[in-house]
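Enquirer:
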Amino acid sequence: MSDNRLPEAGDRIAKLLARAGVASRREIERMIADGRVSLDGKVLDTPAIKLESLRGVSVDGKPVGDAEDTRLFAFHKPSGLITAERDPKGRPTIYAALRNALPKDAGRVMPVGRLDFNTEGLLLLTNDGEMKRAMELPSSGVPRTYRARAFGEITQSQLDELIEGVEIDGIRYGQIEANLERGSGRNRWIEMTLREGKNREVRLILEHLGLEVNRLLRIGYGPFHLGDLPRGQAIELKRGDVEAFKRDLSRGGRK
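Residues 0 to 254, numbered by numbering that gives the first Met the number 0, are exactly what the sequence shown covers, in order.
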């Protein structure tokens, strides 16, 4: 479409909408393809439009405001919740818990990555779709740290071999730092830090080593940690820490 208000300067519309918390950039490109985004009343058919602001932009017929300051929340997800807005099987989702856990002015937030139904711990949520996407990309190298309680026999030397990565059923999993916590018996706690976040990665790797995972918690994502945040509660992370992390991400990720 042509429009004399479309400058060459500015940012692509999908990037602006992601910053405004509408969705991730990839999801917004799908929304444009589906005819759900319009500019000054005209339906857009391409995401390759650059704008200085979101003035005149609507999604599903509703005007979109300009991007707000980036906000990031830490939520202690309990086991037994789906990381989705709705579940076809009718299982409870994180959003039911978040209605009471988040501050009233939190607005629309999106989870950064996912935690499985039976996985607990740190789930980050943001209103910034661009930052969400950057944090999730394996190429960003943002570390995720987990504690797993597993049943079976394992040694530290076996875990040390994971630093070279491992291939399971044709899928390559990159460098993993794993440490066996002190203890005795066949139920042991293992702390693992990885940087890719593939689906069910921790469980699959430990099962590959002959262990049965019976509890899994994420305790860290990038520089942010679960700490003593109570289960089912959420807190907003300090703006200064969030902005510093965003700058680090833009320089190529936290190594």
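We treat Cβ as the ideally placed atom computed from N, Cα and C, and that holds for glycine.
Would you call the segment 135-152 and the segment 190-197 touching, i.e. three or more CB-CB distances under 8 Å?
Expert: As far as the Cβ criterion goes, the segment 135-152 touches the segment 190-197, which means the pair count is three or higher.
Enquirer: Out of 164, 166, 175 and 153, which has the shortest C-alpha to C-alpha gap to residue 182?
Expert: Counting from one through the sequence shown, the residue named residue 182 turns up at place 183. It is 153.
Enquirer: What's the C-alpha gap between residue 51 and residue 100?
Expert: Stepping through the sequence shown from its first residue, residue 51 is reached at position 52. Stepping through the sequence shown from its first residue, residue 100 is reached at position 101. Spanning the two alpha carbons is a distance of roughly 35 Å.
Enquirer: Measuring CB to CB, does residue 172 end up less than 8 Å from residue 218?
Expert: Walking along the sequence shown from the start, residue 172 turns up at place 173. Walking along the sequence shown from the start, residue 218 turns up at place 219. In this structure, residue 218 does not lie closer than 8 Å to residue 172 by Cβ.
Enquirer: Between which residues of its own chain and residue 78 is the CB-CB distance below 6 Å, once the five residues before and five after are set aside?
Expert: To locate residue 78, count along the sequence shown from 1; it is residue 79. Around residue 78: 117 and 119.
Enquirer: Excluding the 5 residues preceding and the 5 following residue 35 in the sequence, name in chain order all residues of the same chain whose CB lies nearer than 8 Å to its CB.
Expert: If you number the sequence shown from 1, residue 35 lands on position 36. These residues qualify, in order along the chain: 58 and 59.
Enquirer: Nearest CA to the CA of residue 256: which residue from 216, 155 and 87?
Expert: Outside the modelled stretch of the chain, which goes from 0 to 254, sits residue 256, for which no answer is possible.
Enquirer: Residue 91: which of 76, 103 and 105 sits nearest, CA to CA?
Expert: The residue labelled residue 91 in the question sits at position 92 within the sequence shown. The shortest Cα separation from residue 91 among 76, 103 and 105 belongs to 76.
Enquirer: Excluding the 5 residues flanking residue 16 on each side, which residues of the same chain have their C-beta closer than 6 Å to its C-beta?
Expert: Sequence index remark: in the sequence shown, residue 16 carries index 17 (1-based). These residues qualify, in order along the chain: 27.
Enquirer: Closer than 8 Å is the cut-off here; do at least three beta carbon pairs connect the segment 68-75 with the segment 223-233?
Expert: Taking 8 Å as the limit for Cβ pairs, the verdict is that the segment 223-233 does touch the segment 68-75.
Enquirer: Helix, strand or coil for residue 244 per DSSP?
Expert: Mapped onto the sequence shown, residue 244 falls at position 245. Here residue 244 sits in helix by DSSP.
Enquirer: Are residue 327 and residue 188 touching if we call contact CB-CB under 8 Å?
Expert: The structure shown does not extend to residue 327, since the chain is modelled only from 0 to 254, so the question has no answer here.
Enquirer: Just verifying my parser: in three-state terms, what is the DSSP assignment at residue 158?
Expert: Residue numbering aside, residue 158 sits at position 159 when the sequence shown is read from its first letter. DSSP places residue 158 in helix when its eight states are reduced to three.
Enquirer: Taking DSSP as the reference, what is the three-state secondary structure of residue 239?
Expert: Numbered from 1 along the sequence shown, position 240 holds the residue referred to as residue 239. Three-state DSSP puts residue 239 in a helix.
Enquirer: Does the beta-carbon of residue 127 have 16 or more other beta-carbons within 10 angstroms, so that it is buried, or is it exposed?
Expert: As a first step, residue 127 must be located in the sequence shown, where it is residue number 128. Classification of residue 127: buried, given that the 10 Å Cβ count is 16 or more.
Enquirer: Just to confirm my understanding: we take residue 165, look at its own chain, exclude 5 residues before and 5 after, and list those with CB closer than 6 Å. What are they?
Expert: Residue 165 sits at position 166 when you count from the first residue of the sequence shown. Counting only Cβ-Cβ distances below 6 Å, and skipping sequence neighbours, we find 172.
Enquirer: Where are the beta strand (DSSP E) runs, 3 residues long or more, that stay fully inside the segment 137-213, in chain order?
Expert: Within the segment 137-213, the complete beta strand (DSSP E) runs of at least 3 residues are 143-150, 165-167, 170-172, 175-179 and 186-193.
Enquirer: Look at the Cβ atom of residue 245, then the Cβ atom of residue 125, and state whether they are nearer than 8 Å.
Expert: By one-based count along the sequence shown, residue 245 stands at place 246. By one-based count along the sequence shown, residue 125 stands at place 126. No.
Enquirer: Apply the 10 Å Cβ neighbour rule to residue 42 and answer buried if 16 or more other Cβ atoms are within range, or exposed otherwise.
Expert: Working through the sequence shown from its first residue, we reach residue 42 at position 43. Counting Cβ neighbours within 10 Å, residue 42 comes out exposed, since fewer than 16 surround it.
Enquirer: So residue 49 packs on residue 9, CB below 8 Å; how close in whole Å?
Expert: To locate residue 49, count along the sequence shown from 1; it is residue 50. To locate residue 9, count along the sequence shown from 1; it is residue 10. Confirmed, about 4 Å.
Enquirer: Under a three-way DSSP split, which group does residue 131 fall into?
Expert: Indexing the sequence shown from 1 puts residue 131 at position 132. In the structure shown, residue 131 sits in a helix (DSSP, three-state: H, G or I).
Enquirer: Please state whether DSSP places residue 119 in a helix, a strand or coil.
Expert: Within the sequence shown, residue 119 is the residue found at index 120, counting from 1. Strand.
Enquirer: To the nearest angstrom, how far is the alpha carbon of residue 168 from that of residue 19?
Expert: Position 169 of the sequence shown, counted from the start, is the residue given in the question as residue 168. Position 20 of the sequence shown, counted from the start, is the residue given in the question as residue 19. Roughly 40 Å between the two C-alpha positions.
Enquirer: Please say whether residue 130 and residue 248 have beta carbons closer to each other than 8 Å?
Expert: Within the sequence shown, residue 248 is the residue found at index 249, counting from 1. Within the sequence shown, residue 130 is the residue found at index 131, counting from 1. It is a contact, given that the beta carbons lie within the stated cut-off.
Enquirer: In the DSSP assignment, find the unbroken beta strand (DSSP E) run with residue 114 in it and report its ends.
Expert: The residue labelled residue 114 in the question sits at position 115 within the sequence shown. That residue, residue 114, is in no beta strand (DSSP E); it is neither H nor E in DSSP.
Enquirer: Whose C-beta lies closer than 7 Å to the C-beta of residue 151 among residues of the same chain, with five residues either side of it excluded?
Expert: As a first step, residue 151 must be located in the sequence shown, where it is residue number 152. So the list reads 185, 209, 210 and 211, once near-sequence residues are dropped.
Enquirer: Could you pull out every residue in the same chain whose Cβ sits closer than 8 Å to the Cβ of residue 241, ignoring the five residues on either side in sequence?
Expert: As a working note, residue 241 is residue 242 in the sequence shown. Within the same chain, residue 241 has close Cβ partners 69, 70 and 71.
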